[in-house]
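There are 4 protein chains.
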Amino acid sequence: MANSLDDLRYELALASRMLANEGVLDAFGHVSLRHPSDPGRYLLPRSRSPQLIEPSDVLEFTLDSEPVRPAIEKLFAERVIHGCIYEARPDVMAVCHHHAAAVLPFAIAGVPIVPVFHLGAATGEDMPFWDQQDEFGDTNLLVVKPEEGRSLARALGQHPAVLMTHHGATVVGRDVRELVSRSIFMCQNAQFQLQAHMLGKVVPLSSGETRLAGTINAMPNVVGRTWEYWSMRLDLAGRLPPAGARSRKAAKLKLAAPARPPAKSSRRKQKHP
Amino acid sequence: MANSLDDLRYELALASRMLANEGVLDAFGHVSLRHPSDPGRYLLPRSRSPQLIEPSDVLEFTLDSEPVRPAIEKLFAERVIHGCIYEARPDVMAVCHHHAAAVLPFAIAGVPIVPVFHLGAATGEDMPFWDQQDEFGDTNLLVVKPEEGRSLARALGQHPAVLMTHHGATVVGRDVRELVSRSIFMCQNAQFQLQAHMLGKVVPLSSGETRLAGTINAMPNVVGRTWEYWSMRLDLAGRLPPAGARSRKAAKLKLAAPARPPAKSSRRKQKHP
Amino acid sequence: MANSLDDLRYELALASRMLANEGVLDAFGHVSLRHPSDPGRYLLPRSRSPQLIEPSDVLEFTLDSEPVRPAIEKLFAERVIHGCIYEARPDVMAVCHHHAAAVLPFAIAGVPIVPVFHLGAATGEDMPFWDQQDEFGDTNLLVVKPEEGRSLARALGQHPAVLMTHHGATVVGRDVRELVSRSIFMCQNAQFQLQAHMLGKVVPLSSGETRLAGTINAMPNVVGRTWEYWSMRLDLAGRLPPAGARSRKAAKLKLAAPARPPAKSSRRKQKHP
Amino acid sequence: MANSLDDLRYELALASRMLANEGVLDAFGHVSLRHPSDPGRYLLPRSRSPQLIEPSDVLEFTLDSEPVRPAIEKLFAERVIHGCIYEARPDVMAVCHHHAAAVLPFAIAGVPIVPVFHLGAATGEDMPFWDQQDEFGDTNLLVVKPEEGRSLARALGQHPAVLMTHHGATVVGRDVRELVSRSIFMCQNAQFQLQAHMLGKVVPLSSGETRLAGTINAMPNVVGRTWEYWSMRLDLAGRLPPAGARSRKAAKLKLAAPARPPAKSSRRKQKHP
Numbered sequence: 001m002a003n004s005l006d007d008l009r010y011e012l013a014l015a016s017r018m019l020a021n022e023g024v025l026d027a028f029g030h031v032s033l034r035h036p037s038d039p040g041r042y043l044l045p046r047s048r049s050p051q052l053i054e055p056s057d058v059l060e061f062t063l064d065s066e067p068v069r070p071a072i073e074k075l076f077a078e079r080v081i082h083g084c085i086y087e088a089r090p091d092v093m094a095v096c097h098h099h100a101a102a103v104l105p106f107a108i109a110g111v112p113i114v115p116v117f118h119l120g121a122a123t124g125e126d127m128p129f130w131d132q133q134d135e136f137g138d139t140n141l142l143v144v145k146p147e148e149g150r151s152l153a154r155a156l157g158q159h160p161a162v163l164m165t166h167h168g169a170t171v172v173g174r175d176v177r178e179l180v181s182r183s184i185f186m187c188q189n190a191q192f193q194l195q196a197h198m199l200g201k202v203v204p205l206s207s208g209e210t211r212l213a214g215t216i217n218a219m220p221n222v223v224g225r226t227w228e229y230w231s232m233r234l235d236l237a238g239r240l241p242p243a244g245a246r247s248r249k250a251a252k253l254k255l256a257a258p259a260r261p262p263a264k265s266s267r268r269k270q271k272h273p
Numbered sequence: 001m002a003n004s005l006d007d008l009r010y011e012l013a014l015a016s017r018m019l020a021n022e023g024v025l026d027a028f029g030h031v032s033l034r035h036p037s038d039p040g041r042y043l044l045p046r047s048r049s050p051q052l053i054e055p056s057d058v059l060e061f062t063l064d065s066e067p068v069r070p071a072i073e074k075l076f077a078e079r080v081i082h083g084c085i086y087e088a089r090p091d092v093m094a095v096c097h098h099h100a101a102a103v104l105p106f107a108i109a110g111v112p113i114v115p116v117f118h119l120g121a122a123t124g125e126d127m128p129f130w131d132q133q134d135e136f137g138d139t140n141l142l143v144v145k146p147e148e149g150r151s152l153a154r155a156l157g158q159h160p161a162v163l164m165t166h167h168g169a170t171v172v173g174r175d176v177r178e179l180v181s182r183s184i185f186m187c188q189n190a191q192f193q194l195q196a197h198m199l200g201k202v203v204p205l206s207s208g209e210t211r212l213a214g215t216i217n218a219m220p221n222v223v224g225r226t227w228e229y230w231s232m233r234l235d236l237a238g239r240l241p242p243a244g245a246r247s248r249k250a251a252k253l254k255l256a257a258p259a260r261p262p263a264k265s266s267r268r269k270q271k272h273p
Numbered sequence: 001m002a003n004s005l006d007d008l009r010y011e012l013a014l015a016s017r018m019l020a021n022e023g024v025l026d027a028f029g030h031v032s033l034r035h036p037s038d039p040g041r042y043l044l045p046r047s048r049s050p051q052l053i054e055p056s057d058v059l060e061f062t063l064d065s066e067p068v069r070p071a072i073e074k075l076f077a078e079r080v081i082h083g084c085i086y087e088a089r090p091d092v093m094a095v096c097h098h099h100a101a102a103v104l105p106f107a108i109a110g111v112p113i114v115p116v117f118h119l120g121a122a123t124g125e126d127m128p129f130w131d132q133q134d135e136f137g138d139t140n141l142l143v144v145k146p147e148e149g150r151s152l153a154r155a156l157g158q159h160p161a162v163l164m165t166h167h168g169a170t171v172v173g174r175d176v177r178e179l180v181s182r183s184i185f186m187c188q189n190a191q192f193q194l195q196a197h198m199l200g201k202v203v204p205l206s207s208g209e210t211r212l213a214g215t216i217n218a219m220p221n222v223v224g225r226t227w228e229y230w231s232m233r234l235d236l237a238g239r240l241p242p243a244g245a246r247s248r249k250a251a252k253l254k255l256a257a258p259a260r261p262p263a264k265s266s267r268r269k270q271k272h273p
Numbered sequence: 001m002a003n004s005l006d007d008l009r010y011e012l013a014l015a016s017r018m019l020a021n022e023g024v025l026d027a028f029g030h031v032s033l034r035h036p037s038d039p040g041r042y043l044l045p046r047s048r049s050p051q052l053i054e055p056s057d058v059l060e061f062t063l064d065s066e067p068v069r070p071a072i073e074k075l076f077a078e079r080v081i082h083g084c085i086y087e088a089r090p091d092v093m094a095v096c097h098h099h100a101a102a103v104l105p106f107a108i109a110g111v112p113i114v115p116v117f118h119l120g121a122a123t124g125e126d127m128p129f130w131d132q133q134d135e136f137g138d139t140n141l142l143v144v145k146p147e148e149g150r151s152l153a154r155a156l157g158q159h160p161a162v163l164m165t166h167h168g169a170t171v172v173g174r175d176v177r178e179l180v181s182r183s184i185f186m187c188q189n190a191q192f193q194l195q196a197h198m199l200g201k202v203v204p205l206s207s208g209e210t211r212l213a214g215t216i217n218a219m220p221n222v223v224g225r226t227w228e229y230w231s232m233r234l235d236l237a238g239r240l241p242p243a244g245a246r247s248r249k250a251a252k253l254k255l256a257a258p259a260r261p262p263a264k265s266s267r268r269k270q271k272h273p
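Protein chains in written order, with the numbering used here: chain A, 1 to 273; chain B, 1 to 273; chain C, 1 to 273; chain D, 1 to 273.
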């Protein structure tokens, strides 16, 4: 896991590009991380397309979404989404707001996304909807005012994700890797649910299956395996973030799965999906 | 923004390739720009697939769609689409005619495309249909006669786009960047609308949301961000237009988002989606 | 147009790879050309996946689908499809048998493909079905016996294409470029028809529109433009066929659209879609 | 065919990457091979995404799914799927467990996959379902206990594949090439069946057609052709497994189709699809 601010900035650029490469983000959408040592701050890039984010684009914000240092860069108008959620959810360490093609049809038709396969359990048994229209009437649908951000955070409640009517979704995680896998599994689940609907019947997981499968999805060896896989795909696409030799080397080390981990007899009894 | 004719020719080749790379154009379709200093002329490439257009392919036409200089190149038969729209719509500075896969099903089923997400507001609240059959009976469906072009322009009216039955669509913009983002958002909107329809319910934006979100979509910082993103993707695909060292350098500058824009305190209050 | 046998072999390899690159062919399917000087013979590659065909893989066959020269290579079992169609249709100079993903759903559901957009007119107003089961009962669905090939040719009749139940389709053309564009437009048409069906209504072109648009599709400047485009895409995919410097150069020349064609005043009146 | 253990390890890495490249496997899923000389053992990689598997990742297991040599690597939790099937099915030499996007909608809607085109016959006339819930109640849906593996193997019975409710599918083969082509054809069949369903009617092959077409699919020249094609695509994607010069050379030889096979008069009468 990344521990220095430099590593976190690289991790954030990597996660942004990874989510774009997997079809969750496109020209829009943004990812943030809570500051590792100051829970009253978060890290968010300047206004730029996710697949172009560089570690040097990452800025610091207070929970009222004001830049810690006077910023001359263009800033995301919707950064209150991040600030208000970090304010309301002390357990949340990472936030992603997106308009994924797999999720939009549900946000438009008003059909809830339900877990339909084991990995889809990552976003929980039911997913709340938030329609900006309900509380604020006609808007440009961007979440820019603090009261809009707080309203969205209330709708999210203790859930892992919230659907935003006519707009997209916002997903949270306890760390960047859980956030990334959860966001990608949510899109896969939505795609499968749509096609199962076309086949005539959508049978969701039971509450018990959702709880048990959801726990497995968050295990380090699962997120570790997907992290290595999505990093390889990003590398293949020629889109790994730029980094100084030192930190790129560090990054590479973080990406690579150890060919031979230190022997632990305990390891041999471990279960990995 | 490009200001010299050379820059415009590069911009037009870039927009054509970008729209092809994003799936709006394929072997067919064409993009034009109104002449920057002479509103009675427009720029259109010779007959060639959009992703192959080079700045040197761009020719000048009068509004009756005759080449300004005797042309020996093959010309697009459907150029009257452009001439007649520039004639009827003084506010229009850029036109795209396409057969995008996302839009064809609607042009075939006769189902109107309505704005179903914030970016889809770019093409307005309702979109007119034009069926060449109505006025001209059986044709090869190509818009080649001046009266056909004028009929299409009448159907377009003051709208941002018009659906052409069994054929495709024509989109207009106040500049090339608005045209490109509008054309791409229209295809995304159509795809989401089809899938929401499959889920059982298509709920469009309200009139107010469409108006407000449509305004945001046209803001320089939105089209600037998408322009950088789609240019990066075109570059990644190895399809940037050829250009002399000088103008390519200029182009690159136009593509790149400034890492550090000149400080403006006003900037810091700006809102960007 | 290619005129020497060497050029034809390259053209056949190019067409096979192009159709694979555009999603019409995959590991299976095959393209053939009638011998340019001997109408009683045709050219077909040895049994190999289309995107791997090299000019040196192309063999000569008589219309009873026996190799002209003793062949030690593996041969396509279904070559009678080609022989029997060249026998029955003197006007046919090129044949493609494929299992395209866009077409299979129609061959399975027994739903006819009808022209729903101008380019879809390339396969005519109605398309016959051929179900091997009708005449031959249970088979492995491969067309290997002369009587099976003749039965398929009878079903094709004077049409540009025939749907093969549970199997795929066979398309014919008056030359390789018409065959390639017709095969690709047929797949696009099928995809649009399926989606229009999902939107609730499939409105086909009128007979007159189909006849008029079908004529335009076959014009040299249309097939020339698509040929340049699909060749560029194949080149971009790194899959152009291997060729000797001389013939590759020739090929490249064939691919490139002349930047400046010889001036013809007539040209200026020509109409090009 | 590979005969040394080294060759088998390369073959297993190649098959894993090939299935990932063709969309059957993603970050998850795994392929195994029965030990060539000891039917009481099988080869399975350490826990890692299929497209990253290297020959050196391949380990040996006994049929009770314990590693033959003390393993310090992370192991797939679901390896009992492989052990229990090799135990119950002496004829099975290769097993693939996957969550392919094409198959999930059927595993969710509870709709059986039936053969709808000739290549789809590879998975037989009917495909059993296995729902872990039935016998084990709420679980995390992973098949980790021996009794769960044995239950799945019972459901598979003598079939070529079994659908796993809310989870995915498990496919078996008499060798790695049959397994790979069967897994890919099953996904294509599922995709075509879904779209035929959307067109209104799914007509499966007859029992006789399924039996006869299924036999053809397993012929060496069919699996040989697809193996060359999918290997070329994997090579094009830059994902061929790493290998020592010697074994890569061997591998390349295995991949390439002989340009000129040794003349056999028998060959000339052979039929190849």
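Where is the CB? At the ideal position from N, CA and C, for every residue including glycine.
Since this is a predicted model, take the numbers as computed values, not measurements.
Exercise. What is the DSSP secondary structure of L119(C), reduced to helix, strand or coil?
Worked result: helix
Exercise. Helix, strand or coil: how does DSSP classify E73(A) here?
Worked result: coil
For this session: Taking only beta-carbon positions, decide if H166(C) is within less than 7 Å of chain D.
Result: yes
Exercise. From A77(A) to E135(B), what does the alpha carbon distance come to, in whole angstroms?
Worked result: 48 Å
For this session: Give, in chain order, every unbroken run of the alpha helix (DSSP H) that is at least 4 residues long and sits entirely within the region 2 to 81 of chain B.
Result: 5 to 21
Problem set entry | For L104(B) and Q188(B), the rounded distance between their alpha carbons | 13 Å
Exercise. Within 7 Å (strictly less), CB to CB, does A251(B) reach chain A?
Worked result: Interpretation of A251(B) is limited by its pLDDT of 48, a score under 50 that renders its predicted location unreliable; no figure is taken from the coordinates.
For this session: Pull up the CB-CB distance for D91(A) and R174(A), whole angstroms please, since I reckon it's below 8 Å.
Result: 6 Å
Exercise. Does any C-beta atom of chain D lie closer than 7 Å to the C-beta of R34(A)?
Worked result: no
Exercise. Who are the Cβ neighbours of G168(B) in its own chain at under 8 Å, not counting the five residues just before and after it?
Worked result: G29, H97, H98, H99, A100, V103, L104, A107
For this session: Specify, as a first and last residue, the run of the beta strand (DSSP E) that I94(C) falls within.
Result: Here residue 94(C) turns out to be Ala, not Ile, going by the sequence shown. From DSSP, the beta strand (DSSP E) with A94(C) extends over 94 to 98.
For this session: Determine which residues of the region 61 to 77 of chain B have a Cβ less than 8 Å from any Cβ of chain A, and write them out in chain order.
Result: none
Problem set entry | Burial state of K201(A) (16 or more Cβ within 10 Å) | exposed
Problem set entry | A256(D) to L44(D) span [Cα, whole Å] | Confidence at A256(D) is low in this model, with a pLDDT of 42, below 50, so the placement of that residue is unreliable and no value is reported for it.
For this session: For K74(C), collect the residues of the same chain with a Cβ closer than 7 Å to its Cβ; drop the 5 residues on either side in sequence, then sort them by chain order.
Result: R46, S47
Exercise. CA-CA distance, P115(A) and F192(A)?
Worked result: 10 Å
Problem set entry | F117(D) at chain C interface by Cβ criterion, 7 Å | yes
Exercise. Sorted by chain position, which residues of the same chain lie with C-beta nearer than 7 Å to A27(A)'s C-beta, five sequence neighbours on each side aside?
Worked result: S49
Problem set entry | V103(A) at chain B interface by Cβ criterion, 7 Å | no
Exercise. Quick one, which of S183(D), N221(D), A122(D), F117(D) has its alpha-carbon nearest S16(D)'s?
Worked result: S183(D)
Exercise. Among all the DSSP beta bridges, which residues are the ones paired with M164(C)?
Worked result: W130(C), G168(C)
Exercise. Since G173(D) sits in a beta bridge, which residues does DSSP pair it with?
Worked result: A94(D)
Exercise. From which residue to which residue does the alpha helix (DSSP H) around M219(D) run?
Worked result: Note, M219(D): premise wrong, no alpha helix (DSSP H); not H, not E.
Problem set entry | Contacts around R239(A), its chain only, beta-carbon distance under 7 Å, and the 5 residues preceding and following it disregarded | R17, N21, Q51
For this session: Say whether chain D places a C-beta atom closer than 7 Å to the C-beta of Y86(A).
Result: no
For this session: State the Cα-Cα distance for the pair L14(D) and A237(D), rounded to the nearest angstrom.
Result: 13 Å
For this session: Taking only the alpha-carbon atoms, compute the straight-line gap between L59(A) and V24(A) and give it to the nearest angstrom.
Result: 22 Å
Exercise. Between the region 117 to 129 of chain A and the region 211 to 228 of chain A, are three or more C-beta pairs nearer than 8 Å?
Worked result: yes
Exercise. Using a C-beta cutoff of 7 Å, does A15(A) count as contacting chain B?
Worked result: no
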